[in-house]
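Going by my numbering, the sequence shown opens with residue 1, and the numbers climb by one from there.
Report on one structure; see the data block that follows.
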Amino acid sequence: MSINGDTNVASRGGAEGLRWLQQQATALMQQGGIRTPADLEYLHQFDQQCIERNLSPGGCADLLIVTWFLAQISQVHHYHN
Numbered sequence: 001m002s003i004n005g006d007t008n009v010a011s012r013g014g015a016e017g018l019r020w021l022q023q024q025a026t027a028l029m030q031q032g033g034i035r036t037p038a039d040l041e042y043l044h045q046f047d048q049q050c051i052e053r054n055l056s057p058g059g060c061a062d063l064l065i066v067t068w069f070l071a072q073i074s075q076v077h078h079y080h081n
């Protein structure tokens, strides 16, 4: 989400909403992800703020599931050969 120009977010929140989401996602990554209860709380607050701003990173979600799916196909193909 930090680098993807998610069109769903842009549609709902404009360029400002997209920039905000990318900045928040970047901050989460720069602090090392989710390793502590404080990190989890930060993520929860980020989620709540996205809901309040009506921002839904659907494009990022689509990319995530396609990436996972392709990785699974690769593993299945390797297993059967």
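Just so you know, even glycine gets a beta-carbon here, dropped at the ideal spot from N, CA and C.
Start-to-end residues for the alpha helix (DSSP H) that takes in Q49
The residue labelled residue 49 in the question sits at position 49 within the sequence shown. 37-52 is the extent of the alpha helix (DSSP H) around Q49.
When you compare the CB positions of S2 and M29, do they come within less than 8 Å of one another, or not?
Locating residue 2 in the sequence shown gives position 2, counting from the first residue. Locating residue 29 in the sequence shown gives position 29, counting from the first residue. Taking 8 Å as the Cβ cut-off, S2 and M29 qualify as a contacting pair.
Under 8 Å between the Cβ atoms of G59 and N4?
Within the sequence shown, residue 59 is the residue found at index 59, counting from 1. Within the sequence shown, residue 4 is the residue found at index 4, counting from 1. A contact, by the Cβ cut-off of 8 Å.
If C50 and L18 are in contact, beta carbons under 8 Å, what's the gap, nearest whole angstrom?
Locating residue 50 in the sequence shown gives position 50, where the first residue counts as 1. Locating residue 18 in the sequence shown gives position 18, where the first residue counts as 1. At roughly 12 Å, the Cβ-Cβ gap does not stay under 8 Å, so C50 and L18 are not in contact.
Endpoints, the alpha helix (DSSP H) within which L21 is located
Here residue 21 refers to the residue found at position 21 of the sequence shown. For L21, the enclosing alpha helix (DSSP H) starts and ends at 7-30.
G33 (DSSP reduced to helix, strand or coil)
Here residue 33 refers to the residue found at position 33 of the sequence shown. Assigned with DSSP and collapsed to three states, G33 falls in coil, not helix or strand.
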